[in-house]
Amino acid sequence: MEQRLSLKITLILILMMVIGLSVTSCFMFFMDWSPEESEEYEYLIDEDFNDGIADNWTITDGTWATSAVEYILTTPAAFSFCYGSYYNETANNSFTDYTFEANITQINTDTNENKFGLFFRCTNPGSIISAAPTHSGYMLYIRMTNSVGGGPFWGLQIWDGLGGFTSLMPETFEPNLSDIHGTVNKVKVDVQGDKIDVYFNDVFIQTFYDSTYTYGSVGLFGWGGATANDFRFDDVRLWAVKE
């Protein structure tokens, strides 16, 4: 989807310049474009939480609340505890090919930061931290630092529904992420068939191929660390090619 969109944008840009529009005019045109304005794409999730309501989200673990502009997860000082919230519309369970993104902010500093990010293609969305974990699907995460220091880092994992996981991307440093607390990082994944494209802050990072899960729900999460923390989620969107 991203590749087709890029080709179309390039062709349109060339045409606009041929008919005499300035480079500035062309730039402003694309700055105002969004998938919802295209006849080819439709938003299946478009949530800014400005109404202070999150009734389309099911909490599996942790303390979640809405402000006037964000969906906020508050975590206690507890290592190895993952707190999740999943989009609960019935159709969500059969989502297949789509682009899913969110703006995420971690508020407090922690000397051993834990993870936050997106769940996608979750065939059995559920708890990771219970005595009998049920969560299965992909986890795309950011870690702003770790016990060794440095950062920010990211990784991509496949959870098996039994509390175990394998890594498609072992944790690695990523310069396109911000490690400044209180700063927004945009996290985005595009899934088409067995192809998984990862983006941070609108920069393409890497492509993976994996067919373990081909459909399922999507969710948000934060993972507790040494310090109690707030993770703030906003502009959560999922769009797909119209049938």
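Whatever position you read off the sequence shown (first residue = 1), add 92 for my numbering.
C-beta: ideal position from N, C-alpha, C; glycine also.
Inter-residue CB distance, residue i and residue j (contact presumed, cutoff 8 Å)
i, j, result
"T150", "Y178", "5 Å"
"K278", "E193", "6 Å"
"G209", "I234", "5 Å"
"R324", "E162", "4 Å"
"A169", "A320", "5 Å"
"K334", "Y133", "7 Å"
"W331", "Y135", "5 Å"
"D271", "I288", "Wrong, their Cβ atoms sit about 24 Å apart, outside the cutoff."
"V310", "F187", "7 Å"
"F313", "F212", "11 Å between Cβ atoms; not a contact."
"G247", "S228", "Wrong, their Cβ atoms sit about 17 Å apart, outside the cutoff."
8 Å Cβ cutoff, residue i in contact with chain C
i, result
"D322", "This model lacks chain C altogether; it includes just one protein chain."
Separation of residue j from residue i, as counted between CA atoms
i, j, result
"F342", "D326", "Because the chain here runs from 93 to 335, residue 342 falls outside it and cannot be looked at."
"F122", "V276", "Confidence at F122 is low in this model, with a pLDDT of 44, below 50, so its placement is unreliable and no value can be given for it."
"N185", "N148", "13 Å"
"F300", "N216", "22 Å"
"V295", "C214", "25 Å"
"I145", "I137", "14 Å"
"M236", "D322", "14 Å"
"Y230", "T167", "21 Å"
"F268", "Y305", "Reading off the sequence, residue 268 comes out as Asn, not Phe. N268 and Y305: Cα-Cα distance of roughly 27 Å."
"G308", "T226", "14 Å"
"K280", "G274", "19 Å"
"T152", "T201", "25 Å"
"G242", "I297", "19 Å"
"E263", "K207", "11 Å"
"F245", "I199", "17 Å"
"T197", "I164", "9 Å"
"N180", "W156", "15 Å"
DSSP state of residue i mapped onto helix, strand, coil
i, result
"L330", "strand"
"S186", "helix"
"R146", "Per the sequence shown, residue 146 should be read as Ala rather than Arg. Three-state result, A146: coil."
"S159", "coil"
"Y307", "coil"
"I199", "coil"
"N206", "coil"
"T191", "strand"
"N180", "coil"
"D138", "strand"
"D153", "coil"
"T167", "strand"
"T215", "strand"
"G229", "strand"
"G314", "strand"
Can you give, in chain order, each stretch of the beta strand (DSSP E) that sits fully within the segment 237-305 and has at least 3 residues? Those beta strand (DSSP E) runs which fall completely within the segment 237-305 and span 3+ residues are 245-252, 257-265, 276-284, 287-292 and 295-301.
Is the segment 252-264 in contact with the segment 278-287, if contact means three or more CB pairs nearer than 8 Å? no
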